[in-house]
Amino acid sequence: MSEVVESIQNFLQIVKGMQWSDYLDILVVAILIYKLLPLLKTPSVMRIARTVIALVVVAWLTNIMKLHTLSWILNQFLAVGLLTFVILFQPELRRMLDHLGNVKLSNFFGVSRPVAEMDAVIAQTVMACEIMSREKVGALIVFAREQRLDEYIKTGTIIDSQVSEQLLRNIFFKNSPLHDGALIIQDGRIVAAGCVLPLSDSPRLGSELGTRHRAGVGMSEVSDAVVVIVSEENGVISVTSGGMLKRHLAPQTLERLLHNELCPADPSEKSIKDPKAVLQSIKNRKKEAGGHEKK
Numbered sequence: 003m004s005e006v007v008e009s010i011q012n013f014l015q016i017v018k019g020m021q022w023s024d025y026l027d028i029l030v031v032a033i034l035i036y037k038l039l040p041l042l043k044t045p046s047v048m049r050i051a052r053t054v055i056a057l058v059v060v061a062w063l064t065n066i067m068k069l070h071t072l073s074w075i076l077n078q079f080l081a082v083g084l085l086t087f088v089i090l091f092q093p094e095l096r097r098m099l100d101h102l103g104n105v106k107l108s109n110f111f112g113v114s115r116p117v118a119e120m121d122a123v124i125a126q127t128v129m130a131c132e133i134m135s136r137e138k139v140g141a142l143i144v145f146a147r148e149q150r151l152d153e154y155i156k157t158g159t160i161i162d163s164q165v166s167e168q169l170l171r172n173i174f175f176k177n178s179p180l181h182d183g184a185l186i187i188q189d190g191r192i193v194a195a196g197c198v199l200p201l202s203d204s205p206r207l208g209s210e211l212g213t214r215h216r217a218g219v220g221m222s223e224v225s226d227a228v229v230v231i232v233s234e235e236n237g238v239i240s241v242t243s244g245g246m247l248k249r250h251l252a253p254q255t256l257e258r259l260l261h262n263e264l265c266p267a268d269p270s271e272k273s274i275k276d277p278k279a280v281l282q283s284i285k286n287r288k289k290e291a292g293g294h295e296k297k
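Okay, so the sequence shown: first residue is 3 according to our numbering, each after it adds one.
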């Protein structure tokens, strides 16, 4: 008990001796950690984190259990650990640095696209995906978030246009020269189409999934992007984020997922929280689209 009291007294003495610069230092570090951790939450970075944590735990256990041989091997490994770490995780470290270098400062400081603007983008995308699913037209649509995707945008054709259901369908029309690549939406606008994405080599993906699905999952593994996929074979709509693939999505489910991923949480937005409101909005847009087609 006396040791606990002594520790508390020592802590209070340290706090009393702190200056305003110490508090500022702690505050800035806390903000950086709070902002950077979500940006680094990608599969490649998580693999590095798991490896570091495993080494720390093993080193701690060898000291506790007095496993001298294992401790000696681990110490020898740690002696050249930094160089080994860089060699083993060179691709992951490069992706992590690219990720940090492409982070938009506006999003870092909490500035994002208005919900109403993103709501219109999502609505047009859902309408296009529903029609392409029915007509079995393949599509690969990437929504960029905090991380910019300039590296992949350069591989395609620059468009820089507003998102509309008609334009999305025209781009992925089977005879279109851009239909085989990916379309990237960034800052609420279509920035490029016909883009080349990295393919995933995850063993969890079934053999029935083709290049389009592997490219979508691969993109979500190396970035924080949300990718919408429409299968050309069966018209199935899928969404992948963080390396996880969700398939067989209904239009209202697709809209709800995109809202959850791309729009900031707002309890006043009933269309996001209420599935009936989402379904009703889809039906209303169907009627409008049907009216335009008749005209």
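Backbone N, C-alpha and C fix where the C-beta goes; we use that ideal spot for every residue, glycine too.
### Query
How many Å lie between residue 268 and residue 121 at the Cα?
Start at 1 with the first residue of the sequence shown, and residue 268 comes out as number 266. Start at 1 with the first residue of the sequence shown, and residue 121 comes out as number 119. Any answer about residue 268 is weak, because its pLDDT of 46 lies below 50 and its placement is not dependable; what the coordinates show is given next. Rounded to whole angstroms, residue 268 to residue 121 spans 12 angstroms at the Cα level.
### Any non-hydrogen atom of the ligand FAD closer than 8 angstroms to residue 131 Cβ
As far as ligands go, the structure on display features none, and thus does not contain the ligand FAD.
### Query
Where DSSP assigns a beta bridge to residue 54, which residues make up the other side?
The residue labelled residue 54 in the question sits at position 52 within the sequence shown. Paired residues: none, contrary to the question.
### Query
residue 188 by DSSP, collapsed to three states: which one?
Here residue 188 refers to the residue found at position 186 of the sequence shown. Residue 188: strand per DSSP, three-state reduction.
### Query
Taking the C-alpha atoms as reference points, what is the distance between residue 230 and residue 162?
To locate residue 230, count along the sequence shown from 1; it is residue 228. To locate residue 162, count along the sequence shown from 1; it is residue 160. Approximately 19 angstroms between the Cα atoms of the pair.
### Query
Exposed or buried, which one is residue 154 when buried takes at least 16 other CB atoms within 10 Å?
Here residue 154 refers to the residue found at position 152 of the sequence shown. The residue is buried, with at least 16 neighbouring Cβ atoms inside 10 Å.
### Message
Just to confirm my understanding: we take residue 76, look at its own chain, exclude 5 residues before and 5 after, and list those with CB closer than 7 angstroms. What are they?
### Response
In the sequence shown, residue 76 corresponds to position 74, counting from 1. Excluding positions up to five away in sequence, the list reads 60, 61 and 64.
### Task
Note down, in chain order, each residue of its chain lying with its Cβ closer than 7 angstroms to the Cβ of residue 237, except the 5 sequence neighbours on either side.
Here residue 237 refers to the residue found at position 235 when the sequence shown is read from its first residue. Same-chain partners within the cutoff: 135, 136 and 138.
### Query
Under 9 angstroms between the Cβ atoms of residue 144 and residue 173?
Taking the first residue of the sequence shown as position 1, residue 144 is located at position 142. Taking the first residue of the sequence shown as position 1, residue 173 is located at position 171. Not in contact: residue 144 and residue 173 (Cβ atoms no closer than 9 angstroms).
### Task
My understanding is that residue 127 touches residue 170, with C-beta atoms under 8 angstroms, so please give their C-beta distance in whole angstroms.
Here the question's residue 127 lines up with position 125 in the sequence shown. Here the question's residue 170 lines up with position 168 in the sequence shown. About 7 angstroms; that satisfies the 8 angstroms criterion.
### Task
Mind checking which residues open and close the alpha helix (DSSP H) that includes residue 169?
Taking the sequence shown and counting its residues from 1, the one referred to as residue 169 is at position 167. Element bounds for residue 169: 167–173.
### Query
With 16 as the cutoff for other CB atoms within 10 Å, does residue 146 come out buried or exposed?
Numbered from its first residue, the sequence shown carries residue 146 at position 144. Residue 146 should be labelled buried.
### Message
Can you tell me whether residue 31 is buried or exposed? The criterion is at least 16 other CB atoms within 10 Å of its CB, across all chains shown.
### Response
Your numbering for residue 31 matches position 29 in the sequence shown. The residue in question, residue 31, is exposed, as its Cβ has fewer than 16 Cβ neighbours within 10 Å.
### Query
Taking C-alpha atoms, which residue in 253, 9, 8 and 141 lies nearest to residue 319?
Outside the modelled stretch of the chain, which goes from 3 to 297, sits residue 319, for which no answer is possible.
### Task
Just the C-alpha distance for residue 240 and residue 78, rounded to the nearest angstrom, thanks.
As a first step, residue 240 must be located in the sequence shown, where it is residue number 238. As a first step, residue 78 must be located in the sequence shown, where it is residue number 76. Near 47 angstroms, if we compare the C-alpha coordinates of residue 78 and residue 240.
### Proximity of residue 164 and residue 206 at Cβ, strictly below 9 angstroms
Within the sequence shown, the letter at position 162 stands for residue 164. Within the sequence shown, the letter at position 204 stands for residue 206. No.
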